[in-house]
Structures are given as structure tokens and as C-alpha cells.
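One structure is given here, and the rest of the page talks about it.
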Amino acid sequence: MDPGTQAAGARRPAFRLVAGWDLLEQWSGTANQIEKNAVHQALFAVVDRTVFRTYSTSEVTSQPQEFFVRLRQGLVLKIRIRDFDMFEIAYVGPVGETPGIDLETGRAA
């Protein structure tokens, strides 16, 4: 098989988190363990490409490579796709402080 192709039904390679560790570390300083667990589970869902069927997500229409992941009441994660196999954390924290989200609907503005 050509290295550039995949057999039908083969899993695609996982995404790699390449940036945003500083945002995660800063947020973790004030988050409780339940919130940290929720964020880590969502990040694993991004890595294994199940985030869109596991979580409520919203596209950022002005930035097609970005999307929000609603985690818990009042907690959101913003992901930016950098390449076909790389992503970064663009934001993690309370919905009320999220850049680019409509507070009335909780959806991308």
C-alpha cells in the first residue's frame, strides 16, 4: 500500500496538541479537579477525533479553523486547528470571559 493512502476503515492518525499549554497551565491554577478532568477528557476527544460526536461544539464563523467545546455549565474550551494533524488551545475558562462567544446563546458570535 502506498504510504500516502489508508485502507478503508483505517483510523486516521491522532491530532497532536502543539500549543496552548501556557493557557491550560494558567487556568489550572484556579480550576477545581472536576473542571480539570472535564478539560482533559475534551482534549483527549480532540486528539482521537471524537470531539464532534461526544461534545456540543460551535464553529467560529469568522475563523473556520476554530471551534468551541462546551464542557460543563459555564466552562468552555476553544480549539484552533493548525494543520491536518495539529491543534492548539486558544482559550479555556468560563463562558463569560470567552472571546468570540455570544453570552445570550452560548454560541460562537
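Sequential numbering of the sequence shown, starting at -3, is according to the working numbering. Beta carbons are placed, not taken as given, at the ideal position from N, Cα and C, and that holds for glycine.
Going straight from the alpha carbon of residue i to that of residue j, what length do you get?
| i | j | result |
| --- | --- | --- |
| residue 24 | residue 64 | 18 Å |
| residue 17 | residue 75 | 12 Å |
| residue 39 | residue 58 | 23 Å |
| residue 92 | residue 68 | 13 Å |
| residue 31 | residue 83 | 21 Å |
| residue 81 | residue 13 | 9 Å |
| residue 26 | residue 19 | 12 Å |
Along the chain, where does the alpha helix (DSSP H) containing residue i start, and where does it finish?
| i | result |
| --- | --- |
| residue 18 | 17 to 24 |
| residue 49 | 47 to 50 |
Find out if the Cβ-Cβ distance for the pair residue i, residue j is shorter than 9 Å.
| i | j | result |
| --- | --- | --- |
| residue 61 | residue 45 | no |
| residue 43 | residue 15 | no |
| residue 47 | residue 71 | no |
| residue 73 | residue 56 | no |
| residue 53 | residue 66 | yes |
Assign residue i to one of three DSSP states: helix, strand, or coil.
| i | result |
| --- | --- |
| residue 64 | strand |
| residue 86 | strand |
| residue 43 | helix |
| residue 14 | strand |
| residue 72 | strand |
| residue 34 | helix |
Name the DSSP bridge partner or partners of residue i?
| i | result |
| --- | --- |
| residue 57 | DSSP output for residue 57 lists no bridge partner at all. |
| residue 79 | 82 |
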